[in-house]
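> So the sequence lines, in the order shown, correspond to chains B and X.
The opening residue of the first sequence carries number 0 in numbering that gives the first Met the number 0; numbering runs sequentially from there.
The opening residue of the second sequence carries number 0 in numbering that gives the first Met the number 0; numbering runs sequentially from there.
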Amino acid sequence: MSTLTLDPIAAKASLLKKDGGQLLEVSMGPQHPSTHGVFRMDVVLDGENVVKLKPIFGYLHRNHEKIAEDETYLGSMPYTDRLDYFCSITNNWAYALAVESLAGIEVPERAQYIRVITAELTRLQNHASLVGFLMQDMGASGTPLMYAFREREKILDLFESLTGARMMCNYMRFGGCRVDLPTGWLDQAKKVVAAFPKFLDEFENLLVSNEILMARTQGVGIIPAELIVNAGITGPLLRASGVNYDLRKVDKYGIYDRFTFRVPLGDHGDVYDRYMIRILEMRESVKILEQAMRDIPEGPFTDPKTKVRNFRPKPGEAYGRIEAPKGELGFYLISDGSPNPYRYRVRPPSLINLTVLEEMCLNRNIADVVIILGSVDIVMGEVDR
Amino acid sequence: MFGSGVLKGMAETARNFLGSYVDKDRLTTVQYPEEHAPRIEASRNFPFLVYDGPDPMAGLRCVSCFICEKECPPKCIIIEKSTDKKPDAVGKPQAYPVKFNIDVSVCMSCQICVEVCPFDAIKMDVDFEQTATSRFDALLRTKQQLAKSNEYYHQIHPTEAAAVDAELAAARAKAAAPKPAPAVAAAKPATPAPTSAAMASPVATAPPTAAPPAPPTALSSRPEAACRSGETRSATTEASPTPDAPAPPAKETASE
Ligand code: SF4
Ligand code: SF4
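#1: Is the beta carbon of X:M107 within less than 6 Å of some heavy atom of ligand 2?
#2: Could you give the residue range of the beta strand (DSSP E) that holds B:E24?
#3: Beta-carbon within less than 6 Å of X:V125's beta-carbon, same chain only, minus the 5 sequence neighbours each way: which residues are those?
#4: Can you tell me whether B:P223 is buried or exposed, with buried defined as 16 or more other CB within 10 angstroms of its CB?
#5: Mind the definition here: the region 11 to 25 of chain B touches the region 353 to 361 of chain B only if three or more C-beta pairs lie below 8 Å; say whether that holds.
#6: Any chance the CB of X:C61 is under 6 Å from a heavy atom of ligand 1?
#7: From what residue to what residue does the beta strand (DSSP E) around X:R60 run?
#8: Grab the span of the beta strand (DSSP E) containing X:F47 for me, first residue to last.
#9: Jot down the residue ranges of each uninterrupted beta strand (DSSP E) in the region 24 to 111 of chain B, minimum 3 residues, whole runs only, in chain order.
#10: Measuring only the C-alpha atoms, how far is B:S240 from B:V106?
#11: Between B:S140 and chain X, is there a C-beta pair that is closer than 7 Å?
#12: Residues of chain B with a CB under 9 Å from the CB of X:F1: which are they?
#13: Identify whether X:P222 lies in helix, strand or coil by the three-state DSSP scheme.
#14: By the three-class DSSP mapping on this structure, what secondary structure does X:A10 have?
#15: Which residues, taken in chain order from the region 149 to 163 of chain B, show a beta carbon closer than 8 Å to some beta carbon of chain X?
#16: Would you mind working out which of B:R81, B:L82, B:L180 and B:V49 sits nearest B:I113, comparing C-alpha positions?
#17: Measuring CB atoms only, is the region 124 to 142 of chain B touching the region 362 to 375 of chain B, in the sense that at least three cross pairs come out at less than 8 Å?
#18: Identify, in the order they occur along the chain, each residue of the same chain with its Cβ nearer than 7 Å to the Cβ of B:A147, setting aside the five sequence neighbours on each side.
#19: Could you check what DSSP says for B:S240 in three-state terms: helix, strand or coil?
#20: Leaving aside the five residues before and after B:G336 along the sequence, list all residues of the same chain whose C-beta is less than 7 Å from its C-beta, in chain order.
#21: Identify whether X:V97 lies in helix, strand or coil by the three-state DSSP scheme.
#22: Out of B:R308, B:L22 and B:P32, point me to the one whose CA is closest to B:D45's CA.
#23: With a cut-off of 7 Å, does the C-beta of X:M260 fall near any C-beta of chain B?
#24: Residues of chain B with a CB under 8 Å from the CB of X:I39: which are they?
#25: Just confirm the distance between the C-beta atoms of X:L26 and X:A120, as a whole number of angstroms; I'd bet it's less than 8 Å.
#26: Can you give me the C-alpha to C-alpha distance between B:G298 and B:V285, rounded to a whole angstrom?
#27: Tell me where the beta strand (DSSP E) around X:K147 begins and ends.
#28: Is B:V43 closer than 7 Å to B:V37 when the C-beta atoms are compared?
#29: Between X:P96 and ligand 2, is the CB less than 6 Å from at least one heavy atom?
#30: Would you say B:P312 lies against chain X (beta-carbon separation less than 7 Å)?
#31: Is the Cβ-Cβ distance between X:A94 and X:S108 less than 7 Å?
#32: What residues in its chain sit with their C-beta under 6 Å from that of X:E68, if we drop five residues either side in the sequence?
#33: Are B:E119 and B:D245 close, meaning C-beta to C-beta below 7 Å?
#34: Looking at ligand 1, does it come within less than 6 Å of X:F118, judged from the CB to the closest heavy atom?
#35: Can you check whether the CB of B:Y84 is closer than 7 Å to the CB of B:M166?
#36: Would you mind working out which of X:H153, X:G18, X:A165 and X:P32 sits nearest X:E128, comparing C-alpha positions?
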């Protein structure tokens, strides 16, 4: 019919089906509550089924890498907080690690322990809120998220009394940390960590065996291990597909070789596995925290030889990476001996984990797209930088 | 049994709901603004300038060394240096800021200015209840608005302030012991050089020995918003002799 071709969407030949039906192209986002920030998905639907999905991002681009080339090395530290704003401390650590290997700085023992403690607390609060958000995406409106946020709040209070800020911590420095643990902080932290398994038990009771949740998540958004390795996916997403790769075990950066903990692995690589992986990882983090808080020695919290100002590492390049809660977070730096890095590059886990979104969503319902995206765990601040 | 998982979850919700009446750990929120959550000592948001003594402008510890201006990552501090000198917190004659503006709409509360300041002159405030009715001038805080007393600093960060005070007292004692420098310095004002900075700011031409004029009203400080533009700021930086040279930390200054 000639009237049909006047319609701009129908005019796209690719949207016409052989049987006379039509595909529908929907733009999900960028301002959509399910997209976890300003993220857009161009979805082509056949009825309810996804036949094509194109992730489109860049709405939150802040020019982080270019700005960092004009900043001093220290000056970029507060900007790293704003990458993945849920996990500012792990971002700080990855950046500090890169600069430390560039400049050959030793980190004192106590600082290493403080770093592990704060990073694992970060992991706890990131995973707790991720699981809450995932439930929210699934329609468990509010309740699990509020429980998760209630626990997260206690960890954020710890961060605030240590670093001064709840989220934009700006805590690590090259060669250590900005301040020492205040008096009583460790006791407070021990209390929070000791109470955490109880919260996890409750959280599991709340939803793990919920039939509706199982029906919505099991078998949804499967990525085979081979594809996920080839795509460079890291973090809980990779481990949910059964690949045993955790930088805390592989690189043993910091002092992670001193702690006994296990790396939980999934079987199926579906949304349910990713959800369970997070719960199990929180349990392992609690174990690491208990050991670290038991063993933390006295001593300097930062390397006294490292200058805060006029910091000029010798020319060279370095890559520092850690197992951030969302995956491998890396910073690649080139120094030309000046106070500003010559090149500054971030390897953000959220962005790279998004690249297999289409494979996960094909032939699933539009409602599944929302929870698959939720299970990837993205923060747009890190995707777009 | 199908549905038992759902029931188990419901039981958990009920436990949390009832528990919130008896267990403080299950109800962590407060009814803001009627109630405030207890303030955490280390918390920070925007910087302020510390002054000693009764007169905010005369007692400012800042010696306008430009270190914080240079190190601030988003470059939201704008300083103009005086051409004359006045005794600083440890009694050594030092320049003072004729103009010290912080653009709080740009400031990201990172505390780097506090960390790099060798004179303990700038500290982080905790006052988070702030509003402004316009986007530019109202959010550009002048030194009159930024100046807060040392007592206030003690109130908000007691531990930190006590440590700073002890350090300053030690530096002062050290400075006072060998020679009574402050009196000599005050009597010998530096000649005001007609730099571009001095011309741009009428305050710089004030009598050198006297304390800077009383805080002008908010209206009279409005034109300072103009220094948001790049030219004025670079002129300010050039006017200072060596903005890049690291200033000596307070203790070394005192021992000279
Ligand atoms: S670093 Fe301190 S003394 Fe120097 S200009 Fe800034 S506030 Fe003033
Ligand atoms: S807190 Fe950070 S952004 Fe704000 S004025 Fe100080 S250095 Fe600049």
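Idealized CB from N, CA, C, for every residue including glycine.
Remember, predicted model here, so these are calculated numbers, not experimental data.
So, from the listed chains and residues:
#1: The count along the second sequence starts at 1 and reaches residue 107 of chain X at position 108. Indeed, a heavy atom of ligand 2 lies less than 6 Å from the Cβ.
#2: Along the first sequence, read from residue 1 onward, the residue named residue 24 of chain B stands at position 25. Segment L23 to M27, the beta strand (DSSP E) holding B:E24.
#3: Counting from 1 along the second sequence, the entry for residue 125 of chain X is found at position 126. Cβ contact annotation for X:V125 (same chain, cutoff 6 Å, sequence separation greater than five): S42 and I155, in chain order.
#4: Sequence index remark: in the first sequence, residue 223 of chain B carries index 224 (1-based). By the C-beta density criterion, B:P223 is exposed, having fewer than 16 other C-beta atoms within 10 angstroms.
#5: Too few Cβ pairs lie closer than 8 Å, so no.
#6: Start at 1 with the first residue of the second sequence, and residue 61 of chain X comes out as number 62. The answer is yes for X:C61.
#7: As a first step, residue 60 of chain X must be located in the second sequence, where it is residue number 61. Taken as a continuous stretch (DSSP letters only), X:R60 belongs to no beta strand (DSSP E), as it is neither H nor E.
#8: Start at 1 with the first residue of the second sequence, and residue 47 of chain X comes out as number 48. Where X:F47 is concerned, the enclosing beta strand (DSSP E) stretches over P46 to Y50.
#9: Runs of the beta strand (DSSP E) inside the region 24 to 111 of chain B: 39 to 45 and 48 to 55.
#10: In the first sequence, counting from the first residue as 1, residue 240 of chain B sits at position 241. In the first sequence, counting from the first residue as 1, residue 106 of chain B sits at position 107. Cα-Cα distance, rounded: 35 Å.
#11: Walking along the first sequence from the start, residue 140 of chain B turns up at place 141. No, its Cβ sits nowhere closer than 7 Å to a Cβ of chain X.
#12: Here residue 1 of chain X refers to the residue found at position 2 when the second sequence is read from its first residue. X:F1 reaches chain B at E210, counting residues in chain order whose Cβ is nearer than 9 Å.
#13: For the purposes of this step, residue 222 of chain X is taken as residue 223 along the second sequence, with counting starting at 1. Its pLDDT being 35, under 50, X:P222 is placed unreliably in this model, and the value from its coordinates should be taken loosely. Correct three-state label for X:P222: helix.
#14: On the second sequence, position 11 is the one that residue 10 of chain X refers to. Correct three-state label for X:A10: helix.
#15: R149, E152, K153, D156, E159, S160, L161, T162 and G163
#16: As a working note, residue 113 of chain B is residue 114 in the first sequence. Ranking B:R81, B:L82, B:L180 and B:V49 by CA distance to the CA of B:I113 puts B:L180 first.
#17: Judged by Cβ distances under 8 Å, the region 124 to 142 of chain B makes contact with the region 362 to 375 of chain B, as three or more pairs qualify.
#18: Your numbering for residue 147 of chain B matches position 148 in the first sequence. Closer than 7 Å at Cβ, skipping near neighbours: A127, S128, V130 and G131.
#19: Along the first sequence, one-based indexing puts residue 240 of chain B at 241. Of the three classes helix, strand and coil, the one that applies to B:S240 here is coil, per DSSP.
#20: Taking the first sequence and counting its residues from 1, the one referred to as residue 336 of chain B is at position 337. Only R311, K313 and P314 meet the Cβ criterion.
#21: Working through the second sequence from its first residue, we reach residue 97 of chain X at position 98. Note: X:V97 maps to strand in three-state DSSP.
#22: Looking up residue 45 of chain B in the first sequence gives position 46. Looking at the Cα atoms, B:L22 is the closest of the given residues.
#23: Missing from the structure shown is residue 260 of chain X; chain X here goes from 0 to 255 and no further.
#24: Numbered from its first residue, the second sequence carries residue 39 of chain X at position 40. By Cβ distance, chain B contributes D156, E159 and S160.
#25: As a position in the second sequence, residue 26 of chain X is number 27, starting the count at 1. As a position in the second sequence, residue 120 of chain X is number 121, starting the count at 1. About 42 Å separates the beta carbons of X:L26 and X:A120, which is beyond the 8 Å limit, so they are not a contact pair.
#26: In the first sequence, the residue the question calls residue 298 of chain B occupies position 299. In the first sequence, the residue the question calls residue 285 of chain B occupies position 286. Approximately 24 Å, taken between the alpha carbons.
#27: Taking the second sequence and counting its residues from 1, the one referred to as residue 147 of chain X is at position 148. DSSP places X:K147 in the uninterrupted beta strand (DSSP E) bounded by A146 to S148.
#28: As a first step, residue 37 of chain B is located in the first sequence; it is residue number 38 there, counting from the start. As a first step, residue 43 of chain B is located in the first sequence; it is residue number 44 there, counting from the start. No. Outside cutoff.
#29: Along the second sequence, read from residue 1 onward, the residue named residue 96 of chain X stands at position 97. Outside the cutoff, so no.
#30: To locate residue 312 of chain B, count along the first sequence from 1; it is residue 313. Not closer than 7 Å to any Cβ of chain X, the Cβ of B:P312 fails to qualify, so no.
#31: In the second sequence, residue 94 of chain X corresponds to position 95, counting from 1. In the second sequence, residue 108 of chain X corresponds to position 109, counting from 1. No; because the gap between Cβ atoms is not below 7 Å, this pair is not in contact.
#32: As a first step, residue 68 of chain X must be located in the second sequence, where it is residue number 69. I76 and I78.
#33: Along the first sequence, one-based indexing puts residue 119 of chain B at 120. Along the first sequence, one-based indexing puts residue 245 of chain B at 246. Taking 7 Å as the Cβ cut-off, B:E119 and B:D245 do not qualify as a contacting pair.
#34: Within the second sequence, the letter at position 119 stands for residue 118 of chain X. The answer is yes for X:F118.
#35: The residue given as residue 166 of chain B occupies position 167 in the first sequence. The residue given as residue 84 of chain B occupies position 85 in the first sequence. Yes, the pair counts as a contact, with Cβ atoms nearer than the cut-off.
#36: Locating residue 128 of chain X in the second sequence gives position 129, where the first residue counts as 1. Considering only X:H153, X:G18, X:A165 and X:P32, the residue with the shortest C-alpha distance to X:E128 is X:P32.
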